[in-house]
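Chemist: Residue numbers (UniProt numbering): 1 to 155. Quick reminder that beta carbons are idealized off the backbone N, C-alpha and C, glycines included. Note that the coordinates shown come from a computational prediction; the quantities given were computed from them, not determined experimentally. If you scroll down you'll find the structure; I have some questions about it.
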């Protein structure tokens, strides 16, 4: 029988619904199983914890093979908004909370929420730009220190 996983660290690098939700679902599931979980938000994944952006995350429609749409259809004006609304309604029906509420729930379970220092610097952001649940802005080295001994998942 394989060893029980005791700790996971999830890297969130995409700022779209399909980039953020898998990480949140995995972190929530880990916490429900008693597994220590941390989320490390980097590059556009920072939008998930950015005060001004976390309520406005959209589904990426251009070049998204999972939608089974021609690239030109995905680029039509309003297509991202329509598909985001459609997916949000489907998730509501499954009791999957909106991103801000989901992140708050996960933080309340004791999961760690961290922003990537290099990405924060790259985009000219500071701690004040992020939601209160963000525990800290850390370097990649600090992330690896926190992740040591556990599994690392990249979404």
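Based on Cα-Cα distance, which residue from 71, 106, 52, 22 lies nearest to residue 129?
Modeler: Position 129 of the chain shown holds residue 129. When each option's Cα is compared against that of residue 129, the closest is 52.
Chemist: Based on DSSP bridge pairs, tell me the residues matched to residue 50.
Modeler: For the purposes of this step, residue 50 is taken as residue 50 along the chain shown, with counting starting at 1. According to DSSP, which records beta bridges pairwise, residue 50 is partnered with 130.
Chemist: Could you compute how far the alpha carbon of residue 79 sits from the alpha carbon of residue 98?
Modeler: Stepping through the chain shown from its first residue, residue 79 is reached at position 79. Stepping through the chain shown from its first residue, residue 98 is reached at position 98. Taking the straight line joining both Cα atoms gives about 20 Å.
Chemist: Does DSSP classify residue 39 as helix, strand or coil?
Modeler: Taking the first residue of the chain shown as 1, we reach residue 39 at position 39. Looking at residue 39 - three-state DSSP - the assignment turns out to be strand.
Chemist: Tell me where the beta strand (DSSP E) around residue 12 begins and ends.
Modeler: For this step, residue 12 is matched to residue 12 along the chain shown. Residue 12 -> beta strand (DSSP E) spans 7 to 12.
Chemist: My parser needs the beta strand (DSSP E) runs of 3 or more residues fully inside the segment 86 to 131; what are they?
Modeler: The segment 86 to 131 contains these whole beta strand (DSSP E) runs: 112 to 116.
Chemist: Do the segment 38 to 49 and the segment 73 to 90 touch if we need at least three Cβ pairs shorter than 8 Å?
Modeler: Touching, no, given that fewer than three Cβ pairs across the two stretches are closer than 8 Å.
Chemist: Rank 23, 37, 25, 28 by C-alpha distance to the C-alpha of residue 6 and give the top, closest one.
Modeler: For the purposes of this step, residue 6 is taken as residue 6 along the chain shown, with counting starting at 1. Residue 37 is the option with its Cα nearest to residue 6.
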